[in-house]
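Input: a single structure, listed below in structure tokens.
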Amino acid sequence: NGPSWVHESPFLTTGWEDISLSGSASLKHMAMRKTLSDQRNLNAKLFEHVPWRIAEYLWGCLKESRKQTFYMWKVFATAYPHEFRKLSRHREMKIEGPKMPLGKYLGLVKSDSLSWIAVLTVSTQFAKTPELVDIAMIQNLGALKIITPSGLSQHRGPDNPYAAGLSDRIVRAWSELADSSGAFKHLRVLYMVNQVGLSPAMLPYLNSFPSLSQVVFCGCSGIISKSKAQLVSSGW
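Sequential numbering of the sequence shown, starting at 278, is according to the working numbering.
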């Protein structure tokens, strides 16, 4: 079924408006049910020549059937960038317990066409180093928060491959990708929590992010313990 359907179902709720109380269902109603019966068959390209009023009707039907999935939100946000924004400007997806690798989740929020701007919060408890580096592949990333739970070991090992936070090397890799391929072009806010593996050496790397305007360090002892003069000398 693919990553889009690990936490949500593409199928219309069984029995939803299956029977019309006023008699035979209209052709419009039957077409709606057929169209929305399996969201896996739908994509933004299919709506290229579909009037917005019809798409708006379908989105309303998805609301009534409680099937306004993240997948369909992305489809309409891509196909109707101006109209849909007035109807559903924001979409939140909170994953309490990951059911697949972080890379799969990163793929879900990507939009190379910039049809939406992603605000991403990642716990390093569930991330490997290559996956953290791959965050740079999200061209539409506007804000990023990286959290390491308090007390979690900063050392990777065979028994705990996910227990690590950001390091200067990861931020340097981000910087190199920003310089070479335009990564983090739209990133405005970077929020780092309990990233004790960071040092002031990583600060100059952030200068490669052209839109970055706010950087927040919380519980990052390697950064916070330094004097203000040292931070200013790094350009912050």
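Note that beta-carbon positions come from the ideal geometry of N, C-alpha and C, so glycine has one too. Since the structure is predicted, the reported quantities are computational estimates derived from the model, not experimental observations.
query: Going by the CB atoms, is the gap between Ser388 and Lys351 shorter than 9 angstroms?
result: yes
(request) Quick one: give me the first and last residue of the beta strand (DSSP E) that Tyr468 is part of. (result) 466-470
inquiry  = Just to confirm the assignment, what range does the alpha helix (DSSP H) spanning Ile501 have?
reply    = 498-501
Tell me which same chain residues have a C-beta within less than 6 angstroms of the C-beta of Met370, skipping the five on either side of it? Phe347
- Task: Tell me whether Ile424 is buried or exposed, calling it buried when 16 or more other Cβ atoms sit within 10 Å of its Cβ.
- Result: buried
From this set, Ala455, Asn471, Val470, which residue's C-alpha is nearest Leu464's C-alpha? Ala455
Looking at Gly499: is its Cβ nearer than 9 angstroms to the Cβ of Gly459? no
Please name the residue or residues paired with Phe494 in a DSSP beta bridge.
Met469
Cβ-based burial, Ala478 [other Cβ within 10 Å; buried from 16]: exposed
- Message: So, for Met377: in the same chain, excluding its five sequence neighbours on each side, which residues have a beta-carbon less than 8 angstroms away from its beta-carbon?
- Response: Pro280, Val283
Hey, would you say Met469 sits closer than 9 angstroms to Lys422, going by beta carbons?
-> yes
ask   = Once you ignore the five residues that flank Leu339 on each side, which residues in its own chain have a CB closer than 7 angstroms to its CB?
value = Leu313, Gln345, Met349
Within 10 angstroms of the Cβ of Gln316, are there 16 or more other Cβ atoms? Answer buried if so, exposed if not.
buried
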